Structures are given as structure tokens and as C-alpha cells.
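Peer 1: Take this structure first; my questions come after.
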Amino acid sequence: MNFFKKGIIICFVAVMLQGIASGAEDFSKLKTSGDELWKDRDNIIKLKACIETYEKALGVKPGDQIILSRLSIGYYWLGNMNTGKVRQEAYLKGMSYGEKLTAINPKSAPGIFWHATNNAAYCKERGFVKSALNIGSIKEKAQEVIKIDQYYYRGGPQRLLGRIYWGTPWYARKKGESLQDGADLIKDAISKYPNFLLSYIFLGDIYWEMGKKKMARETFEKVFTIPENALPEFMAENRRDRKEAKKKLKEYFGLE
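What follows is the structure in C-alpha cells.
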């Protein structure tokens, strides 16, 4: 190989390495920016900016599982903050990112859980028939997550199952899927992670449906005894759920 050819190869390798380094730097900057916005995902403006930033980062590093999981979660949040077609499309996007996670790792608890959670929300938007056709597979996904990572997302699969039992008409509930069974699942999550406020919201709803109004009120009020920053990584969830507890107390008990 002559000197000229060697020079070309060396230049080519140098350019390639520079491109890789530049890509890594771009990804790091985008992820850092997205992570900062992620802290305030309960703010729709910051959530949208976070999603946009993470998707740009994913363009640099398509297989990053942390970003894929956060995008699946982020679109679920975005769906909850919107209505109509925008809401449905957000849940579908959340499902697609969950699928990308399980394509990388079929045993990805975040991938399975957030696909199921977005799917449940999407089916609810589409109506009873859509829900009835998909509810079995959603429950199976929740059970699968329990086997992989029993208390993923501070009791996420327990809450998902409990919420499904609560939302199922009494005549359609199967054995082992009563309101009490749902309450027991969520109490199990609370026993493990007592500072994750969403569990109290779901449990309070079940107690109300069971006619246990005093227990429902006490459960919603329990939320205000737990600081928002009790779980620093879930402060956005806890801020959201303190507001939700206040709404429940007003809706069910007329309390301001």
C-alpha cells in the first residue's frame, strides 16, 4: 500500500471517529436537557419539550432503553393531559415505544408495563367493545411484569390490575378479580412503597365503589400526610396525585 492510499485511509478513519465522538456528545447534551425537563413532566409545556428532546436524542442513539421507556411513559402522560383524537394518538405512540423496548428485550418490565398501560387507556377511549377484546391480554401483561419485576414503578402492575377490576362491571368480573381483590393488590403495593401517592388514589376509588365511604375519605386524606418529595424521582407523580386527591375529596364528599 503506497503512502497516498495510507493517507486516505487514515483521514477516513479520523473523520469516522470524529463523527462518532460528535454523535456521542450530541446525545449526551440532548439527554441531559431532556432529563432536566423530565423532572417537570406534570407541566404539559415541559412534557412536550421533553418528548421532543428525547426523540431527537433517540435519532442519535436509537436503542437507548431509558429514553425509550421515558417516551412510552411521557406519551401516556400526554394522553392523560389531552382529549379526543390527540389523546388516542398519544396512547398509540406510547404503545409503539413500549413495543420498541420489548423488541430489544422481550423481558423488559418497562416495555411490557407501559405498552399495557397505554393500551388500557387507549381501549377505554375507544369504548366497551375495544376494552372487552383487549382486557385479557392487558391483565396477562400485568401478571408478566409481576414475574419479571414484582413491584415495578412502585407497584405499577398491582395498581394496573386493581384499576382494571375497579373499572370492570360487577357482572363481568371473574373469580379472583373482585373489588376486594383489587384493594388487596394495591394495599400490597402500599405496604412495599407507602410514599407513592397514586396507589392511595386508586385504593380510595375502590373503597368508594365498595360503599366504604369512611375508608375512602381516610385514604384520600392520607395523601396529604406524605411530602411530595418523599420519592425525589417521582415528585411529578406525587404533585399530580395530591391535586387528584383534592379533586376526589371534592367530588365524593364536597370538601374544598
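For the sequence shown, the tail end lands on 265 under the numbering used here, and the numbers increase by one without skipping. For every residue, glycine included, the Cβ atom is placed at its ideal position computed from N, Cα and C. On a predicted model such as this, the values are computed, not experimentally measured, just so you know.
Taking just the CA atoms, how far does E34 sit from K55?
Peer 2: Answer to the nearest angstrom: the Cα atoms are 23 Å apart.
Peer 1: Could you tell me which uninterrupted beta strand (DSSP E) segments, each at least 3 residues in length, are contained entirely in the region 146-206, listed from first to last along the chain?
Peer 2: With a minimum length of 3 residues, no continuous beta strand (DSSP E) run stays inside the region 146-206.
Peer 1: Do you know how far the Cα of L87 is from the Cα of V95?
Peer 2: Roughly 9 Å between the two C-alpha positions.
Peer 1: Is S78 closer than 8 Å to M119 when the C-beta atoms are compared?
Peer 2: Reading the sequence as shown, one finds Pro at residue 119 and not Met. It is a contact, given that the beta carbons lie within the stated cut-off.
Peer 1: Distance check for E246 and R50, CA to CA, integer angstroms please.
Peer 2: Between R50 and E246, the C-alpha separation is close to 9 Å.
Peer 1: In terms of residue numbering, what span does the alpha helix (DSSP H) encompassing F262 cover?
Peer 2: F262 -> alpha helix (DSSP H) spans M244 to F262.
Peer 1: Can you give me the C-alpha to C-alpha distance between S187 and W175, rounded to a whole angstrom?
Peer 2: Rounded to whole angstroms, S187 to W175 spans 8 Å at the Cα level.
Peer 1: Tell whether a beta-carbon distance below 8 Å holds between K148 and I121.
Peer 2: Taking 8 Å as the Cβ cut-off, K148 and I121 do not qualify as a contacting pair.
Peer 1: Out of Y261, K40, T111 and S105, which has the shortest C-alpha to C-alpha gap to K70?
Peer 2: Considering only alpha carbons, the answer is K40.
Peer 1: Between the Cα of K201 and the Cα atoms of T111, S105 and R168, which residue gives the shortest distance?
Peer 2: The residue with the shortest Cα to Cα distance from K201 is R168.
Peer 1: Tell me which same chain residues have a C-beta within less than 7 Å of the C-beta of Y261, skipping the five on either side of it?
Peer 2: The residues are W217 and A225.
Peer 1: What distance in whole Å lies between the Cβ atoms of F211 and I195, which are believed to be in contact at a cut-off of 8 Å?
Peer 2: Confirmed, Cβ separation roughly 5 Å.
Peer 1: R249 to A181, Cα distance in whole Å?
Peer 2: For R249 and A181, the distance between alpha carbons rounds to 31 Å.
Peer 1: Whole angstroms are fine: how far does the CA of L207 sit from the CA of I257?
Peer 2: The sequence as given places Lys at residue 257; Ile does not occur at that position. Rounded to whole angstroms, K257 to L207 spans 12 Å at the Cα level.
Peer 1: Quick one: complete alpha helix (DSSP H) runs, 4+ long, within the region 20-95?
Peer 2: List check, alpha helix (DSSP H) in window: 53-69 and 74-89.
Peer 1: What is the rounded straight-line gap between the Cα of L170 and the Cα of K221?
Peer 2: Their backbone Cα atoms lie some 20 Å apart in a straight line.
Peer 1: Determine the extent of the alpha helix (DSSP H) in which F229 is found, giving its start and end residues.
Peer 2: First-last of the alpha helix (DSSP H) with F229: K222 to K231.
Peer 1: Where do the ends of the alpha helix (DSSP H) carrying K133 lie?
Peer 2: First-last of the alpha helix (DSSP H) with K133: A118 to R135.
Peer 1: For M104, I'd like the list of residues in its chain whose CB is within less than 6 Å of its CB, leaving aside the five on either flank, ordered along the chain.
Peer 2: Taken in chain order, the residues that qualify are H124, N127 and N128.
Peer 1: For M219, which of E237, A198, Q189 and I199 has the nearest alpha-carbon?
Peer 2: Looking at the Cα atoms, Q189 is the closest of the given residues.
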